[in-house]
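Chains as they are written, first to last, in numbering that gives the first Met the number 0: chain A, 0 to 120; chain B, 0 to 315. No residue lacks a Cβ here, since even glycine has one placed at the ideal position from N, Cα and C. Given the structure is predicted, the values throughout are model-derived calculations rather than measurements. Take a look at the structure set out below.
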Amino acid sequence: MSKKILFIEDEMKLHKVFEQVFKKEDFELISAYDGENGLRLAEEKYPDLILLDLILPKKHGFDVLDNLKKNPRLSNIPVIVLTNLEGPADIEKALSSGAQAYLIKTSYSMEEIMKKIKEFL
Amino acid sequence: MQFLKNIFEQLNFVSQCRKYNIKMWQCPQFLFILMGIVIISSILATDFVARNFTEPEIVALIVLGLTIFLFIIGYIIIKSFERMANAARDKLEFIRIISHRFRSPLSAIKWQLDLLSNKNNLLGSDQSELVLWEIKKQNDKMIRIVNDLLELNFIEDNKLILNPTAFSLKDLTEEIIQSQRENADKQNIEMFISSPPSLQPVFADREKIKNVIFHLIDNAIRYNPNGGKVTVNLENIADSICLSVNDEGVGISKQESKKIFGKFFRSEGSLKYQTEGTGIGLFISKSIIENSGGKMGFRTIEGRGSTFWFTLPISR
Chain A
0 MSKKILFIED EMKLHKVFEQ VFKKEDFELI SAYDGENGLR LAEEKYPDLI LLDLILPKKH
60 GFDVLDNLKK NPRLSNIPVI VLTNLEGPAD IEKALSSGAQ AYLIKTSYSM EEIMKKIKEF
120 L
Chain B
0 MQFLKNIFEQ LNFVSQCRKY NIKMWQCPQF LFILMGIVII SSILATDFVA RNFTEPEIVA
60 LIVLGLTIFL FIIGYIIIKS FERMANAARD KLEFIRIISH RFRSPLSAIK WQLDLLSNKN
120 NLLGSDQSEL VLWEIKKQND KMIRIVNDLL ELNFIEDNKL ILNPTAFSLK DLTEEIIQSQ
180 RENADKQNIE MFISSPPSLQ PVFADREKIK NVIFHLIDNA IRYNPNGGKV TVNLENIADS
240 ICLSVNDEGV GISKQESKKI FGKFFRSEGS LKYQTEGTGI GLFISKSIIE NSGGKMGFRT
300 IEGRGSTFWF TLPISR
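Structure below.
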C-alpha cells in the first residue's frame, strides 16, 4: 500500500509541486490548506507522515503541532515542519514540541526534502 | 570651505524640504531657525519693554506668551521627528512583509526547478510541461508585486503618469474575471457581474484601472470564505460610472476601517494567518482613482462582507 502523507500548507502551488513528486514516488498526498482542516484530516486519514507549515489560516502551526502530540492516537506520527520562519526560537519551540525535523523552505532542495521524508517513513 | 558649505546647505531649508519631500512646517531646519529668531527677538523685546515700561506684570505676561509660543513650536518639532521615526519603522515592517511575500513563490519555483533539473528523476516524463507552466504563473505573480512596488514609489514621489483613453469598463471587468476564474474555482467561489445593457465608456488609463479592478477582485476572493460569492456591479451615476465589488468575507472592523486605505495596511491577523498580500494594493488603487478624477470608498458589515467601490468619469 502506498504511504499517505498529509501536507498542511496554505499555498496551493506548493501542494502542486508535492503532488508531482509524490506521484512518481507512489506516495498518496492528502492536502489541507489550513490548520483546523489539517487536524481533522490527520484524525480521519491517519497519515504515515505530516508535513506542516507554521503560518497557517485558522490555526497556527504550533497549535496544530501541540494538538497532534497531545492526542495519544496521533502522537507517534512523525511531523516535519516545513516553513519559512527561521528564528532560532521557532526552531527550538517546534523541536521541543515534538517535531521530528525542521526544514526551511528556501534553503532545502526538493531532493533533500524527499530524503528527509523517506528517513521517517 | 567645505565645512561652511555643508552648514549653509543644512540651513537652506527650502532645498531641504524639497529634497525630503516634506512641508515647511514639518522641516526641523526651518523650525529650529524660526525658534532661534523668536528667542533672540524675544530677549531683545523683553529687555526693551522692561526698560521703557517698567511694569513687571506686563513683562511677565509677554514672557509667558513667548514661552507658550516656543512650547508649541517645540511640540511641532517633536511631532515631526515622531512622524519620521514612524515612517522608518513602517518601512522596516514593509521590508519584512515583502520579503516573506517573495519567499513563497520563490520556494515553489526553486523546488520546481529542482524537479526539472535533477538527475534522479523526481518527476514523471509527461509532467515537465505542467511544471513549466506553474513556474511561469508564479513568475507573473512576482512581476506583479514588483510593479506594484514601483507604482507605490511613483505615487509617493508625485510622479504618477496616467495615459487616459476611452474604454468600456464592462469589457475590462469581464476580461479580469475571466483571468481570475481559475483562482476563484480553487476556493469554490462564484463570480458574478451585473451591469445595465448599455454603459457609456469611461475616460481613464486602462492599464492602471485594470490593476485597480484586479486588486479589488483578488482581495474579494482571498477574504471570502470557501463557497462564497463575489459580485461585481456596474452602474451609471450622474456623470460617472460606479464599479463595486462585493464579497461575503469577514468584513472590516471599525478600528481597521480608518486605516484600510493607508500604506502597508493589512487586515488584523492577516500577517499571522494569511501569507498573501502586500498591503499596498488599496493604497495604490485609491491614488490611481483619485488621480483619474474619481472617488473610492467602501462599506462593510462585520461578519457579513464588504463592498469596495470606485467611480470614474464618463468619456465625453
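CB contact check: residue 2 of chain A to chain B, cutoff 9 Å: no
One or two residues paired with residue 308 of chain B in a DSSP bridge: Per DSSP, B/243 and B/296.
Residue span of the alpha helix (DSSP H) that contains residue 249 of chain B, given as start and end: Looking at the DSSP string, residue 249 of chain B is not in any alpha helix (DSSP H), and its letter there is neither H nor E.
Sub-9 Å separation of residue 208 of chain B and residue 310 of chain B beta-carbons: no
Among B/103, B/9, B/29 and B/98, nearest to residue 11 of chain A - alpha-carbon criterion: B/103
Partner residues on chain A for residue 117 of chain B, Cβ-Cβ distance less than 9 Å: 108, 109 and 110
Test item: CB-CB of residue 40 of chain A and residue 5 of chain A under 9 Å: yes
Members of the region 8-20 of chain A that neighbour chain B once the beta carbon cut-off is set at 9 Å: 9, 10, 11, 12, 13, 15, 16, 17, 19 and 20
Beta-carbon contacts of residue 75 of chain B that lie in its chain and below 7 Å, excluding the five residues immediately before and after: 24 and 30
Runs of beta strand (DSSP E) wholly within the region 29-112 of chain A (minimum 3 residues, chain order): 48-51, 78-82 and 100-103
Residue 249 of chain B at chain A interface by Cβ criterion, 9 Å: no
Residue-chain proximity (residue 66 of chain A, chain B), Cβ-Cβ < 9 Å: no
Cβ pair count under 8 Å reaching 3, the region 171-181 of chain B against the region 198-216 of chain B: yes
Enclosing alpha helix (DSSP H) for residue 23 of chain B [first to last residue]: First-last for residue 23 of chain B: undefined, no H or E at that position.
Stretch-stretch touch, CB-based, cutoff 8 Å, three pairs: the region 97-116 of chain B with the region 130-139 of chain B: yes
Residue 138 of chain B, buried or exposed, once every other Cβ within 10 Å from all chains shown has been counted against 16: The residue is exposed, with fewer than 16 neighbouring Cβ atoms inside 10 Å.
Element boundaries [alpha helix (DSSP H), containing residue 86 of chain B]: 55-116
Backbone secondary structure at residue 4 of chain A - three-state DSSP: strand
Cβ pair residue 65 of chain B, residue 41 of chain B closer than 9 Å: yes
The region 180-205 of chain B: positions lying closer than 7 Å to chain A by Cβ: 185
CB contact flag (residue 262 of chain B, residue 282 of chain B, <9 Å): yes
3 or more residues per run - each beta strand (DSSP E) lying fully within the region 169-254 of chain B: 189-193, 201-203, 228-236 and 239-245
Three-state secondary structure assigned by DSSP to residue 166 of chain B: strand
Interface positions of the region 83-95 of chain A facing chain B (Cβ-Cβ less than 8 Å), listed along the chain: Under the 8 Å Cβ criterion, the region 83-95 of chain A contributes 83.
9 Å Cβ cutoff, residue 114 of chain B in contact with chain A: yes
Residue nearest to residue 38 of chain A in terms of C-alpha spacing, selected from A/56, A/18, A/112 and A/116: A/56
Beta-carbon gap between residue 245 of chain B and residue 231 of chain B smaller than 9 Å: yes
Beta-bridge partners of residue 313 of chain B, as assigned by DSSP: B/201
Partners in chain A for residue 110 of chain B, counting only beta-carbon separations shorter than 7 Å: 16 and 109
Simplified DSSP state of residue 27 of chain A, which is helix, strand or coil: strand
Closest Cα partner of residue 119 of chain A within the set A/76, A/15 and A/68: A/76
Residues, ordered as in the chain, of the region 89-109 of chain B that lie near chain A by beta-carbon distance below 8 Å: 99, 102, 103, 104, 105, 106, 107 and 109
Rounded C-alpha distance that separates residue 18 of chain A from residue 70 of chain A: A direct Cα-to-Cα measurement between residue 18 of chain A and residue 70 of chain A gives close to 28 Å.
Contact check, residue 13 of chain A vs residue 106 of chain B, beta carbons under 9 Å: The answer is yes: Cβ separation under 9 Å.
Contact set between residue 126 of chain B and chain A, taken where Cβ atoms lie within less than 7 Å: 19
Buried or exposed by the 16-neighbour rule on C-beta atoms within 10 Å, applied to residue 82 of chain A: buried
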